[in-house]
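S.K.:
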Amino acid sequence: MAGFGLRKNMVFDWKGATFRIDRLLPNGEMLLEAGNGGAISLVPRQVLLDDFTRGLVSTSTVIDPQSSAMPIYGRPLDQLPDGVQQELKRRRKYLEAIHADGKPIFTPEFLLPIIQRVAKENFDTNAPSATTVYRWNKRLASGSDTRALLPRYDLRGSKRGRQSKRLNELLAEATEAAFNTTPLATVTNIYSRFLAKIDLENRQTLSSKPLVTPSKRTVYRMLGDVDIYDMTALKEGKASADRRFRVGKAGVRSTRILERVEIDHTPLDLFLVDERTWLPLGRPTLTVAIDHFSRMPLGYYLSYGSPSAAAVVGALRHGILPKAEAEIAIADLPVENRWPTYGIPESLVVDNGLEFHGLDLEGIAFDLGIHTSFCPKHQPRFKGSIERFLGTFNRQFAHQLPGTSFSRFHLRGDYDPQKSALLTLGEFKHLLEKWVVDIYAQTKHSGIGTTPWQRWHEGLAAFEPRLPSDLQMLQRRIGQSASRKLRRDGFELNGIRYNGDTLSQVLRQYGEGVEIRVVFDPEDLGEVHVWGPLESDPITVEALDLTYARGMTLRQNALIRQVLREEGAKAEDRVALQRARNDITKAVEELMVSRKQKARQRSGAIRGISSSKPNGTPTPQSQSAESPVIRKLKSIKPTGKAPATDLELPKVLEAFQMNPNKRGRDGNS
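Going by the numbering used here, 132 is the number at position 121 of the sequence shown; the sequence numbering is gapless.
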C-alpha cells in the first residue's frame with residue numbers, strides 16, 4: 012500500500028489542502044509549501060503526527076499534470092488476473108536483487124550482471140533491460156507503493172469508440188424502437204432495424220462517404236458498452252430502472268410502540284369453503300395494520316369484498332381494542348398466547364388507494380388524534396414493514412394450508428386449489444390468530460434483532476398505549492361518515508330513514524334543514540350516530556324500520572336498492588324492501604351451491620362474511636316461489652372489483668357432493 016513519511020518533497024493532504032515538505036529542520040520543524048508554489052509555513056513535526064492519528068493527514072491523491080507517472084492501481088491484488096500478479100512478482104524479484112547489497116548504482120555495468128543472474132535463477136527467457144529496471148525502481152520510489160509496479164495493461168489502446176457518432180445515433184434509435192415494440196427484443200431484431208436505418212441514411216444523404224455497415228459482432232460490443240441502467244430503462248421504463256438500481260438507505264426509525272402503524276390490503280393466496288355447503292367460496296381479502304417499532308400486527312380484518320373503507324375501519328377497530336381470547340373453531344388446537352397489542356396509533360401510514368383518501372378515514376383520524384401519511388404512488392418501500400409481513404404471511408402460512416393458490420399460477424403444476432380447499436373462514440381465523448401470536452410473534456425478526464412479542468412488551472413497559480374513553484366512544488368515532496340535512500321526518504341515509512325523539516332537541520335548537528354529521532357502521536345499519544353543528548357528543552338514532560335495517564350490511568342494502576330501482580319499486584315501500592330482502596336470501600342460497608366459483612364468492616360478499624362475522628349476517632327465510640326480483644338479482648353484476656379468482660369450477664365434483672354433517676372425501680372432519 013502507499014506509504015506516508017515526513018521526508019523532503021513528500022506531498023500530502025492536510026485539513027482539506029495539499030502541502031509539500033520543502034525542508035526538514037534540525038529542531039524537528041518543517042517548512043511546508045501550500046499547493047503549487049503557495050505560501051510557506053513552519054509546522055512542528057509532532058503536530059502533523061498528531062493530526063495523522065486523528066485521520067486529518069493522508070497521502071495526496073493529486074497527480075501532477077506535468078508528471079509522466081501512471082496512476083496507481085487501486086484494486087486489491089487478489090482480484091487481479093493471474094498474469095498480472097505473476098508479472099508483479101517478477102518485477103519485485105529484480106528490484107529486490109539490485110537492492111540486496113545496499114544502495115545500487117544505476118549503470119548498465121552494475122545492473123546487467125544482477126539482471127542476468129536473476130533471470131537464470133527464475134528461468135526468465137525475456138530478461139528486462141537495465142533501463143527498464145531503472146524505470147521500475149523510479150516508479151516504486153516515487154510513491155513508496157508496491158502497486159506502482161503493476162503493469163497497466165488496462166490503459167493500453169484508445170478508449171474512444173471506433174464507430175462514427177452518426178452510427179451510434181442510429182443504433183440508439185433502432186434499440187429504442189425495438190424495445191418500444193417488445194421488452195423481449197433480441198439483438199437480431201435490433202440489428203435488422205439498424206441495417207434498415209443505415210440503408211435509409213445512405214440513400215437520403217447521397218454522401219461520397221456512405222456509412223459502413225458494422226458486423227453483428229460489432230453491434231454486440233457496442234450494446235455491451237451501454238450502461239445496464241440505460242438498457243433496463245429501455246426495456247422496462249425509467250421508473251422500473253430507478254427502483255431496480257436505487258441505493259438502499261436506512262429505513263424509517265421509530266422509538267416506541269404505536270408511533271408508526273402501517274396498513275395495507277392483500278388478496279390471500281388461499282381458497283376457503285362455505286360453512287353451509289362446503290363448496291369453495293373464493294379468496295378473501297386481508298387488511299392488516301402492523302406496529303413498525305415491534306413489527307407486531309396491531310389488528311386485521313378479513314372479508315370477501317374488495318379493499319374498502321369498511322375493511323380499513325374493521326382493521327382499525329380490531330387494532331385499537333384489547334383482544335379477546337381466540338375463538339376456538341378447531342378442536343384440540345389451543346392458542347397458547349393472548350394477542351397483546353392495543354391502542355390508538357400516533358401515525359398511520361397508508362398507500363394511495365381510494366379507500367384511504369375518503370372522508371371516512373380522514374374523519375376517524377381527526378377524531379382519534381391520528382396523523383395520516385400517504386406513500387408516493389408505486390413506491391411500496393415507504394411502508395416496507397407491512398409489505399414484508401404480508402409476504403411472510405403468504406409464504407410461511409397461507410401457502411402451507413390446503414387450498415393455497417400460491418403466488419404464481421405456474422407454481423401449482425397439477426395441484427388444484429379449489430379441489431383441495433378445506434377451511435372455513437372461522438377455522439382460518441382460528442389458525443391465523445394462532446400463527447400470529449404463537450409462531451410469528453415468537454420468532455426472531457432480523458429487522459429488530461428480537462421477537463415481535465418481546466419488542467412489544469419492551470415498548471409497553473416504557474409507553475402506555477392510549478385508548479378511547481369508552482367502547483361507546485370508539486363506536487361513535489370509528490365508522491363511515493356522511494353529511495345530511497335534518498328535517499321533521501328525520502333524514503335518509505343509504506335509502507333508510509332515521510328518526511327519533513333524540514333528534515327533536517337538535518331540530519328545535521337549529522331549525523329544519525340544519526346540516527348534521529352522521530357516522531354509521533357498514534356492517535350494521537340499524538342505528539347511526541349523529542352530531543349537531545356545535546355538539547361535542549353524538550346522539551344515537553335508530554332506523555324507523557328497525558326490523559329491516561338491524562344487522563343489514565351496507566353491501567346488502569345497496570344490492571336491494573339496486574334491485575328495487577330496476578324493478579321500478581319505491582325504496583320507501585317497506586313491504587317491497589322486506590320482499591326484496593327475502594328474495595335475496597333465496598337467491599344467495601342458490602349462489603352458494605352454484606357450480607361457478609365467482610358466484611359463490613359473490614354470495615359470501617353479499618352475506619357479509621368477514622373476520623368479525625365468520626358466519627355472515629343472518630337473513631330471514633322465504634318460502635315464496637321465484638319472483639322477478641330474484642331473476643333480476645341473478646343477472647346483476649357485483650359492484651366494485653372482486654379479488655382475483657381462478658377460472659370457474661367445472662361440473663360439481665363428487666368430493667363436494669356430501670352430507671351437510673360431513674366434510675372431506677371420506678367423511679372425516
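A virtual CB, placed ideally from N, CA and C, is assigned to each residue, including glycine.
In this text the structure is predicted, and so the values were computed from the model without any measurement.
Check whether the Cβ atoms of residue 123 and residue 141 sit closer than 9 angstroms, and answer yes or no.
M.R.: Contact flag set, yes.
S.K.: Roughly how many whole angstroms lie between the Cα atoms of residue 502 and residue 510?
M.R.: Taking the straight line from one Cα to the other gives about 7 angstroms.
S.K.: Between the segment 542-555 and the segment 515-522, do three or more beta carbon pairs fall short of 8 angstroms?
M.R.: Counting Cβ pairs under 8 angstroms, three or more are found: they touch.
S.K.: I want to know whether the segment 454-472 touches the segment 298-307 - three or more CB-CB distances under 8 angstroms.
M.R.: At 8 angstroms Cβ cutoff, the stretches touch.
S.K.: When DSSP labels each residue in this structure, what does residue 162 get in the three-state scheme?
M.R.: Three-state DSSP puts residue 162 in coil, outside helix and strand.
S.K.: Does the Cβ-Cβ distance between residue 162 and residue 107 come in under 9 angstroms?
M.R.: Not closer than 9 angstroms, so no.
S.K.: Run the CB neighbour count on residue 23, radius 10 Å, all protein chains shown included, and call it buried at 16 or more, exposed below.
M.R.: With 16 or more other Cβ atoms within 10 Å, it is buried.
S.K.: Thinking C-alpha only, which one of 215, 452, 152 and 117 is nearest residue 347?
M.R.: Checked all of 215, 452, 152 and 117; the closest Cα to residue 347 is 452.
S.K.: Compute the distance between the beta-carbons of residue 330 and residue 316, then report whether it is under 9 angstroms.
M.R.: No, the pair does not count as a contact, with Cβ atoms beyond the cut-off.
S.K.: Check residue 508 in the structure and name its three-state DSSP category.
M.R.: DSSP places residue 508 in strand when its eight states are reduced to three.
S.K.: Quick one: which unbroken beta strand (DSSP E) runs of 3-plus residues sit fully inside the segment 267-348? Chain order, please.
M.R.: DSSP runs (the beta strand (DSSP E)) wholly in the segment 267-348: 272-278, 291-293, 296-302 and 308-314.
S.K.: Residue 495 and residue 529 - do their beta-carbons sit closer together than 9 angstroms?
M.R.: Yes, the pair counts as a contact, with Cβ atoms nearer than the cut-off.
S.K.: Check whether the segment 186-195 and the segment 234-253 are in contact - that is, three or more C-beta pairs closer than 8 angstroms.
M.R.: Taking 8 angstroms as the limit for Cβ pairs, the verdict is that the segment 234-253 does touch the segment 186-195.
S.K.: Is residue 444 buried or exposed, if buried means 16 or more other CB atoms sit within 10 Å of its CB?
M.R.: Residue 444 should be labelled buried.
S.K.: Below 9 angstroms between beta carbons: does that hold for residue 458 and residue 498?
M.R.: Cβ distance not < 9 angstroms, so residue 458 and residue 498 don't count as in contact.
S.K.: Return yes when the Cβ of residue 375 is within less than 9 angstroms of the Cβ of residue 274, no when it is not.
M.R.: No, Cβ-Cβ distance for residue 274 and residue 375 is not below 9 angstroms.
S.K.: Please classify residue 390: does DSSP put it in a helix, a strand, or coil?
M.R.: Coil at residue 390, not helix or strand.
S.K.: Just reading off the alpha helix (DSSP H) that residue 25 is part of, what are its end residues?
M.R.: It is not in any alpha helix (DSSP H) - residue 25 instead sits in the beta strand (DSSP E) that spans 22-25.
S.K.: Would you say residue 414 and residue 284 are within 9 angstroms of each other, going by their C-beta atoms?
M.R.: Yes, these two residues count as a Cβ contact at 9 angstroms.
S.K.: Quick one: what does DSSP say residue 525 is sitting in, helix, strand or coil?
M.R.: Correct three-state label for residue 525: coil.
S.K.: Going straight from the alpha carbon of residue 66 to that of residue 223, what length do you get?
M.R.: So the two alpha carbons sit approximately 56 angstroms from each other.
S.K.: Taking contact to mean 3 or more Cβ pairs, one atom from each stretch, closer than 8 angstroms, check whether the segment 372-392 and the segment 291-302 are in contact.
M.R.: Verdict: no, contact absent.
S.K.: Is it the case that the Cβ atoms of residue 535 and residue 561 are separated by a distance below 9 angstroms?
M.R.: Against a cut-off of 9 angstroms, the Cβ pair of residue 561 and residue 535 comes out as a contact.
S.K.: Of the choices 527, 559, 558 and 134, whose alpha-carbon is the least far from that of residue 548?
M.R.: Looking at the Cα atoms, 527 is the closest of the given residues.
S.K.: According to DSSP, simplified to helix, strand and coil, what is residue 496?
M.R.: In this structure, residue 496 counts as strand in the three-state DSSP scheme.
S.K.: Find the nearest neighbour of residue 487 within the set 383, 477 and 324, judged by alpha-carbon distance.
M.R.: Cα-wise, what sits closest to residue 487 is 324.
S.K.: Would DSSP call residue 456 helix, strand or coil?
M.R.: Looking at residue 456 - three-state DSSP - the assignment turns out to be strand.
S.K.: The beta strand (DSSP E) spanning residue 1 covers which residue range?
M.R.: Here the chain has residues from 12 to 680 only, and residue 1 is not among them.
S.K.: Checking 9 angstroms against the spacing of the C-beta atoms, do residue 400 and residue 552 come in under that value?
M.R.: No. Outside cutoff.
S.K.: Residues in the same chain with beta-carbon distance under 7 angstroms from residue 281, minus the five sequence neighbours each way, listed in chain order, please.
M.R.: The residues are 294, 409, 412, 414, 415 and 416.
S.K.: Excluding sequence positions up to five away, which residues of its chain have a Cβ less than 8 angstroms from the Cβ of residue 68?
M.R.: Excluding residues within five positions, the ones whose Cβ falls inside 8 angstroms are 15, 23, 24, 25, 59 and 62.
S.K.: Could you check where the beta strand (DSSP E) with residue 538 kicks off and where it finishes?
M.R.: That run of the beta strand (DSSP E) goes 535-542.
S.K.: Between the alpha carbons of residue 229 and residue 139, how many angstroms are there, rounded?
M.R.: Rounded to whole angstroms, residue 229 to residue 139 spans 37 angstroms at the Cα level.
S.K.: Given this structure, state the Cα-to-Cα distance separating residue 38 from residue 70, to the nearest angstrom.
M.R.: Distance between the alpha carbons of residue 38 and residue 70: 24 angstroms.
S.K.: With respect to the beta strand (DSSP E) encompassing residue 563, which residues constitute its N-terminal and C-terminal limits?
M.R.: First-last for residue 563: undefined, no H or E at that position.
S.K.: Helix, strand or coil, according to DSSP, for residue 55 in the structure here?
M.R.: Note: residue 55 maps to strand in three-state DSSP.
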